[in-house]
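In this text, residue positions in the sequence shown follow the working numbering: the first is 7, and each later residue adds one. All C-beta atoms, glycine included, are put in the ideal place defined by N, C-alpha and C. Reading through the structure tokens given below for one structure.
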Amino acid sequence: MPLVTIAPEDHVFEKMVGNIQEAKARGGSVIALTTEGNEALKQLLDPAQDFLITVPASHPLLTPVLMVLPLQLLSYHIAVRRGCDVDQPRNLAKSVTVE
């Protein structure tokens with residue numbers, strides 16, 4: 007079972023590393039999203055089984071904006087591989103306002 011982690015270098019990074027280690031100990035593969043220059047996470051992951059996605063290091067308030075872009079692309083490509091219609095998702099409520 008793959009595990010997608012968001013692990014920028016911030017005040018909770020060490021807790022996230024602990025969670026990643028726990029998932030790997032149970033045989034899970036990891037897709038880690040982190041900031042550039044993060045060597046601690048790179049050493050933890052196995053290149054044959056895990057994936058590391060990096061975004062540029064930036065101001066802490068801008069980091070979530072940079073992190074969401076690869077996550078949206080990941081979800082798009084997973085939906086396409088599963089055969090889901092990404093342009094017209096199921097159960098999408100549509101409404102038209104007429105004046």
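Suppose the cutoff is 8 angstroms on Cβ atoms and the five residues either side in sequence are ignored; what does the same chain contact list for residue i look like?
{"i": "Met73", "result": "Ile12, Pro14, Leu39, Val61"}
With residue i as the anchor, note down where its alpha helix (DSSP H) starts and where it stops.
{"i": "Pro70", "result": "69 to 88"}
{"i": "Ala38", "result": "Taken as a continuous stretch (DSSP letters only), Ala38 belongs to no alpha helix (DSSP H), being part of the beta strand (DSSP E) at 35 to 41."}
{"i": "Asn25", "result": "19 to 31"}
{"i": "Glu15", "result": "Element bounds for Glu15: n/a, residue is neither H nor E."}
{"i": "Ala46", "result": "45 to 50"}
Please report the Cβ distance between residue i and residue j, rounded to the nearest whole angstrom; I am assuming they are in contact, meaning their Cβ atoms lie under 8 angstroms.
{"i": "Ile26", "j": "Leu58", "result": "About 11 angstroms; that fails the 8 angstroms criterion."}
{"i": "Ala63", "j": "Glu45", "result": "The pair is not a contact, with the Cβ atoms about 13 angstroms apart (cut-off 8 angstroms)."}
{"i": "Leu47", "j": "Val86", "result": "The Cβ separation is near 27 angstroms, so there is no contact."}
{"i": "Ile37", "j": "Val71", "result": "Not really, about 20 angstroms apart at Cβ, beyond 8 angstroms."}
Could you tell me which residues DSSP puts in a beta bridge with residue i?
{"i": "Leu58", "result": "Ala38"}
{"i": "Val10", "result": "Ile37"}
Cutting at 7 angstroms between CB atoms, please list the residues of its own chain near residue i, excluding the five before and the five after it.
{"i": "Phe19", "result": "Ala13"}
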